[in-house]
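Residue numbers (my numbering): 35 to 201.
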């Protein structure tokens, strides 16, 4: 799985939760710990946390139940839940992607199998519809460029782009 770009953050929970009763310093330390924790795929050693936030702040976060520790690693439950959710979604996407890829490969294989000596023996009507739609799209682009049907008088298409679009 790729780097985790974000985690869900609910401002209403932040404002109404126990964290709002802590000092701004403690709140900032917690957010910093969360960011490091998330960036490390929810595996952050206790010693690493103590290097990025003051030990007094770390102890305060422990005392207030915002983070837990198993001795070697810290635990931030709500981020662990999000990570599990993302992993499940990722696995489902991979599974569905494989299904789609397999279907596409089968379709390509059946299309290539129908070609002999440059002529098609077996006609795949689905592919011919796709080809027709693509041809219609190209003709629409050619028509717009060829007839210069631009609604914006400030829009100028240079000749090189026109040549590309009319091919």
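Beta carbons: idealized from backbone N, C-alpha and C, even for Gly.
query: Quick one, which of 97, 51, 105 and 93 has its alpha-carbon nearest residue 77's?; result: 105
query: For residue 94, which beta-bridge partners are listed by DSSP?; result: According to DSSP, residue 94 bridges with nothing at all.
query: What residue range is occupied by the uninterrupted alpha helix (DSSP H) comprising residue 66?; result: 58-73
query: With DSSP as the reference, identify every bridge partner of residue 102, one or two as the case may be.; result: 109
query: Does residue 128 pass the burial test, meaning 16 or more other C-beta atoms within 10 Å, or should it be called exposed?; result: exposed
query: Relative to the alpha-carbon of residue 67, which residue among 56, 55 and 100 has its alpha-carbon at the smallest distance?; result: 100
query: Out of curiosity, what's the CA-to-CA distance linking residue 53 and residue 143?; result: 58 Å
query: What's the gap between the Cα of residue 124 and the Cα of residue 117?; result: 10 Å
query: Run through the DSSP bridge pairs and tell me what residue 79 is partnered with.; result: 107
query: Check residue 45 in the structure and name its three-state DSSP category.; result: helix
query: State yes or no: is the C-beta of residue 95 within less than 7 Å of the C-beta of residue 64?; result: yes
query: Excluding the 5 residues preceding and the 5 following residue 108 in the sequence, name in chain order all residues of the same chain whose CB lies nearer than 8 Å to its CB.; result: 67, 71, 78, 79, 80, 83, 101 and 102
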